[in-house]
Amino acid sequence: MNLLEVKDLHTSFFTPSGVVKAVDGVSFNLSKGTVLGIVGESGSGKSVTAYSILQILTHPGRIVSGSIKLEGKELVGASEEEMRRIRGNKIGIIFQDPMTSLNPVFTVGNQLMEAILLHTNRNHSEAYARAIEMLNLVGINEPDKRMKQYAYELSGGMRQRVMIAMALACEPDILIADEPTTALDVTIQAQILELMMDLQKKMGMAIIMITHDLGVIANMCDEVIVMYAGKVAERGTARQIFYNPRHEYTKGLLNSIPNIDSDGKERLIPIAGTPIDMLNMPAGCAFAPRCGQAMKACLKQHPEEVWVAKDHLSACWVNVREGLKNDAIETGEGGKIVRIDTDKGEKHE
Amino acid sequence: MGARFLMYTLKRLGMAILTIFLVIMITFFTMHAIPSSPFSSEKAKSNATIAALEAKYGFDKPVGIQFLNYLKDVAVLDFGLSTAWVGSTVFGLIKSGFYYSAMIGLSAALIAIILGIILGAIAALTRGKWPDKIVQVVTTALVSVPSFVMATVLLLVISLQLKWLPSMGNQPGGMVLPIISLSLYPMAYITRLERSSMLDVLGQDYIRTARSKGLRRGKIIFKHALKNALSPVLTYAGPMLAYILTGSMVVENIFSVPGLGRLFVNSMLRTDYMMVMGVTIFLGILIVMMNFLTDVLYKVMDPRIDLR
Amino acid sequence: MDKPLKKNPLSLQLDPNLFQPATEEEKAQQIVTRESVSFMRDAMRRLRRNKISMACVVILVLMTLAAFVLPSFYPYTYAQQDVTAQYLAPMQYSQKELAKISQGISVFPHLMGTDSLGRDYACRVIYGTRISLLAGIVSAFIVVVIGIIYGAISGYFGGKVDMIMMRIVDVIYSLPDVLIVILLSVALKDAISASKNLFIMQVGAGLISIFIVFGLLYWVGMARQVRGQILSIKEQEYVLASKSIGASPARIIRKHMIPNCVSVIIITAAMQIPSAIFTESFLSFLGLGVSVPMPSLGSLASDARSGLVSYPYLLIWPALSIFLIVLSFNLLGNGLRDAFDPKLRS
């Protein structure tokens, strides 16, 4: 049984200007101890997916349909009390900006001990000891001093370490990291990521790493989901995504990474067009207007998610076109495409 | 924190003292710019009598000297003698009047603060639903009614027509209507302030963090949200005091309460300029000191404020 | 790419034509971009859509017209006394008037009744409204003019000039303004009754002292706001960008700084007006405002106290009038604030 199973999740924001389908049919599984990366640009729905799991969506947002199962137990529709038992306890989360994510009028120690006291049976002094233990674990020096300090007295990197300590204090099974390094300096970024990998080895929790930075994904993640406009574009192992991308968007992302070995004369290859306006979604594939390989089919209908290899999923008509050419399409009931053997007829890299 | 905080407090105190000095100066010179004498209005006095009276009260000396003398006196709380209530000292009258005004004013302030915060928080938490809508409509209406209208309407309806409460301050239960009249506007104002502050806080990231740790809704509100939402309300404390003090002038008038406000109005009508000066300066000092206290308190509550 | 696409017999819905590349026009059609409007027009549009704000504008315009235009056409004046028509209820006629009507002479009804001296109350309330509106608008004007100039200078030049100017603002800010208004009114009232100038006498001690005090004290809020805006705009990258492509300071001020200030200015000004109206009516209530017989909504309310139980309408009409004016300005102010809020851009 998977640790976390998300099936066909739909989360929308009902704003005065219209309905934004932030998450529009997303499915994935998370196994114990694995690191899953969710990649996408701003507005792709990756953060909203995470917030939907914990059900900490803000006001006009709501889970519309779908299923989220934690160790087999359904979370969608669960009572607020059941969710509270999970938050900070079975699933921990750290956010992008540690400065605003910590309450400015309470000490670090106060906020650290809060979750501990809530979810475990420890008394005050035991909770204090555990908090110190966590601070040491995340590499903060002089933990006793830090406990009494306020958020604004710490540096950015330290604050994020505190956030990590807070999220992991109750030894959750899953740690969700929502762009944890975006707001930090580059050198600190590396430190934090290293810390997270370290803790993952020590504590064995699964990690969902949400980011727009492919470099982070490459370093840390076992599996990767690429999201665009609320839908899953492609899903697979890190190796598959990086070495055998099967979606035009993924290919675009990979192509846009400057090559460190180049002689500096090559032009950068960005993805054409502008990011999508979620209030005015086109019919068909959301990426089509920006896609170099766009076909008439792409404009008409959104491609379905299809297995293109073992554990490798993609939603792109290009695969279907190639599959038709190479006669590599396997269909199931009612003519629905089940699998496309993308290796057939192609030269391997 | 200690040393910088002390500097800040001292700076603010210095500012307060400077302001008080300015208030005294402005008051003094404004009153002395009035052409007529405080004695000229009453039953026809001969010029000689007026001159004698003025000499007795020290009004015949040059203005500059008078001002210095006045400053010296004020420093020891001697505001001079009243000309309308012969025989009483200005300060003595102020003291007895202040007792009533303080009682009414403090009660009104307390009601306004407590109810305002509670209603504002409720409105923020039930955003968009009917409790919020009601609160918004009612507070908008209350904030559009001046104190004297409110007091007079209350007098009319509650006291004279429905006869639920007495119309005069010195009767038992007579303090209720004055207190309510004075508390309604600040309460409405604080409610709106608190509501918007609370909404602002509830949208902050650290509330999301608190939620993600699994805290109960009540705890999130009372612990994390409220403390942050309170500070804007504190900044209103100074203006609220000013409102209550000036509002008391009409409210005490309407309900015949022997307080400072009514004293001020009467001394105006009877051209008792020593009295007018004394009350103005007294109230001015109160307001300035209140502003000073709230500045310092604000700093204590939120250590991030710029220490300039 | 050159191999012909085979038809897959099991999925007939896949028309091979669909796999032809899409043209650029077809792609562009899919995108519906929203027209970009200027900030000001967007705000105005949002304001227009706000029904409550629009209703307030209508009410205020109507009241202003009534206050300033109507008296010229009205059959009564505010000082016209008629001892035979005292304390008439709204729409009630006096004996003398009834006699006139039975003779066939038309008598304009007292829409709001009459007061203790038989003066038509509607007329007096209208004049009182005029005074209130005058107090509000002129005060706002004074505050806007002085505030903008002071704030812009302080913000634009910065440095020592700014520091000194702001110190002065701090001192002024800490003075208890209402007390000083009252003080000035007391002082002026005396001076005015000595003066023979008709205009000054009509306008009254209250209004003049309000205008003076607003000119001396109340502009500081506006100055601070404007200065704050200018300072933050100065630091913005687009100003730097403008400078770096050679734009002159005048152009920068005109194109970048002023538009950003306008919203702050309008909102602050709109908030000043109710405060000025309150102050004026408050002073008049105490007898420090307009000189008799000119009515102010405050003095009308005060006069209504004698005879309050028997003739409550004497209080209700002016109270309603103030309430309506201030409520409209408050709601309009709220609407303006929402309209100019960049976060609500749709």
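Protein chains in written order, with the working numbering: chain A, 10 to 358; chain B, 351 to 658; chain C, 26 to 371. Glycine included, every Cβ here is placed at the ideal spot set by N, Cα and C.
Amino acids of chain B, ordered along the chain, whose beta-carbon sits closer than 9 Å to that of residue i
| i | result |
| --- | --- |
| R94(A) | G564 |
| E123(A) | A560, K563, L565, K569 and K573 |
| L127(A) | K563, G564, L565, R566 and K569 |
6 Å CB neighbourhood of residue i in its chain, flanking five on each side removed
| i | result |
| --- | --- |
| D350(A) | A337 |
| Y99(C) | C148 |
| I217(A) | L45 and I185 |
| Q117(C) | none |
| I167(C) | F239 and G240 |
| Y450(B) | V607, P608 and G609 |
| I635(B) | I370 |
Alpha-carbon to alpha-carbon, residue j and residue i
| i | j | result |
| --- | --- | --- |
| L192(A) | Q105(A) | The sequence given here places Ala at residue 192(A); Leu does not occur at that position. Their Cα atoms are separated by approximately 6 Å. |
| D320(A) | I173(A) | 31 Å |
| S497(B) | V601(B) | 7 Å |
| P29(C) | G301(A) | Legend: pLDDT at P29(C) = 46, less than 50; position of this residue unreliable, value from coordinates given subsequently. Computed Cα separation, rounded: 21 Å. |
| Q554(B) | R244(A) | 33 Å |
| G242(A) | D182(A) | Correcting the residue type first, residue 242(A) is Ala in the shown sequence and not Gly. So the alpha carbons of these two residues sit roughly 27 Å apart. |
| A458(B) | F310(C) | 22 Å |
| Q120(A) | L111(A) | 8 Å |
| H135(C) | L208(C) | 38 Å |
| R658(B) | S432(B) | Here R658(B) scores only 41 on pLDDT, less than 50, and its place in the model should not be relied on; the value that follows carries that caveat. Spanning the two alpha carbons is a distance of roughly 42 Å. |
| R249(C) | G172(C) | 8 Å |
| K41(A) | E142(A) | 24 Å |
| V426(B) | I631(B) | 13 Å |
| D67(C) | L357(C) | 17 Å |
| L158(C) | L85(C) | 9 Å |
| Y535(B) | L95(C) | 33 Å |
| K31(C) | P298(A) | Any reading at K31(C) must be qualified, since the residue scores a pLDDT of 47, below 50, and its modelled position is unreliable; the value itself is stated next. Approximately 27 Å, taken between the alpha carbons. |
| I219(A) | I250(A) | 16 Å |
| L505(B) | V495(B) | 15 Å |
Same chain, Cβ closer than 7 Å to residue i, neighbours up to 5 away in sequence not counted
| i | result |
| --- | --- |
| V211(C) | L313 |
| Y420(B) | F378 |
| T43(A) | A215, D231 and E232 |
| N132(A) | none |
| D107(C) | G143 |
| L340(C) | A326, A329 and L333 |
Chain-ordered chain C contacts of residue i [CB-CB under 7 Å]
| i | result |
| --- | --- |
| R3(A) | With chain A running from 10 to 358 in the structure shown, residue 3(A) is simply not present. |
| I384(B) | A212, D215 and A216 |
Sequence-distant residues of its chain with Cβ nearer than 8 Å to residue i (five each side left out)
| i | result |
| --- | --- |
| L35(C) | In this predicted model, L35(C) has a pLDDT of only 41, less than 50, meaning its place in the structure is not dependable; the value taken from the coordinates is given anyway. For L35(C), where only same-chain residues beyond five positions count, there are no Cβ hits under 8 Å. |
| L63(A) | M92, I95, R96, I100, I102 and I185 |
| M287(A) | V29, K30, A31, G52, A238 and G239 |
| M26(C) | Unreliable placement is indicated for M26(C), whose pLDDT of 43 sits below 50; no coordinate value is reported for it. |
| K563(B) | none |
| T246(A) | D231, E232, V233, D320 and H321 |
Chain-ordered neighbours of residue i on chain A, where CB pairs are closer than 8 Å
| i | result |
| --- | --- |
| A47(C) | A297, A303, M304, K305, C307 and L308 |
Contact list for residue i against chain B, beta-carbon separation under 7 Å
| i | result |
| --- | --- |
| G27(A) | Result: empty, since nearest Cβ-Cβ is about 18 Å, beyond 7 Å. |
Closer than 9 Å at the beta carbon, the chain A residues around residue i
| i | result |
| --- | --- |
| K76(C) | Those within 9 Å of K76(C) in chain A number zero; the least Cβ separation is about 14 Å. |
| Y358(B) | Ordered by position in chain A, no residue passes the 9 Å Cβ test against Y358(B), which lies about 17 Å from the chain. |
Check your understanding: In chain order, what residues of the stretch 101-113 of chain A put their CB closer than 7 Å to some CB of chain B?
Key -> I102, F104, D106, T109, S110, L111, N112 and P113
**Study point:** Members of the stretch 325-341 of chain C near chain B, C-beta cut-off 8 Å
**Key:** A326, S327, A329, R330, L333, V334, P337 and L340
Exercise for review: List in chain order: all unbroken beta strand (DSSP E) runs of 3+ residues lying wholly within the stretch 280-347 of chain A.
Suggested key: 315-318, 321-323 and 338-340
Review point. Hey, which unbroken runs of the alpha helix (DSSP H) at 4 residues or more fall wholly within the stretch 254-327 of chain C?
Key: With a minimum length of 4 residues, the continuous alpha helix (DSSP H) runs that stay inside the stretch 254-327 of chain C are 262-269, 274-277 and 283-311.
Exercise for review: Return the residues of the stretch 433-467 of chain B that lie within a Cβ-Cβ distance of less than 8 Å from chain C, sorted by chain order.
Suggested key: none
Review point. Which full runs of the beta strand (DSSP E) of 3+ residues lie inside the stretch 178-203 of chain A, going along the chain?
Key: 183-187
Check your understanding: Along the chain, which unbroken stretches of the alpha helix (DSSP H) at least 4 residues long are found entirely within the stretch 163-214 of chain C?
Key -> 184-199
Exercise for review: Residues of the stretch 340-356 of chain C with a CB closer than 9 Å to any CB of chain B: list them in chain order, please.
Suggested key: L340, I341, P343, A344, I347, F348, L349, I350, V351, L352, S353, F354, N355 and L356
Check your understanding: Using Cβ-Cβ distances below 9 Å, what residues of the stretch 129-151 of chain C are close to chain B?
Key -> Cβ contacts with chain B come from no residue of the stretch 129-151 of chain C.
Exercise for review: Taking a Cβ distance cut-off of 8 Å, strictly less, list which residues of the stretch 485-503 of chain B are near chain C, in chain order.
Suggested key: T490, A491, V493, S494, V495, P496, S497, F498, V499, T502 and V503
Check your understanding: Can you give, in chain order, each stretch of the beta strand (DSSP E) that sits fully within the stretch 53-104 of chain A and has at least 3 residues?
Key -> Within the stretch 53-104 of chain A, the complete beta strand (DSSP E) runs of at least 3 residues are 70-79 and 100-103.
**Study point:** Runs of beta strand (DSSP E) wholly within the stretch 111-164 of chain C (minimum 3 residues, chain order)
**Key:** Note on the stretch 111-164 of chain C: there is no whole beta strand (DSSP E) run with a minimum of 3 residues.
Exercise for review: Using a Cβ-Cβ cut-off of less than 7 Å, give me the residues of the stretch 225-259 of chain C that come near chain B, in sequence order.
Suggested key: none
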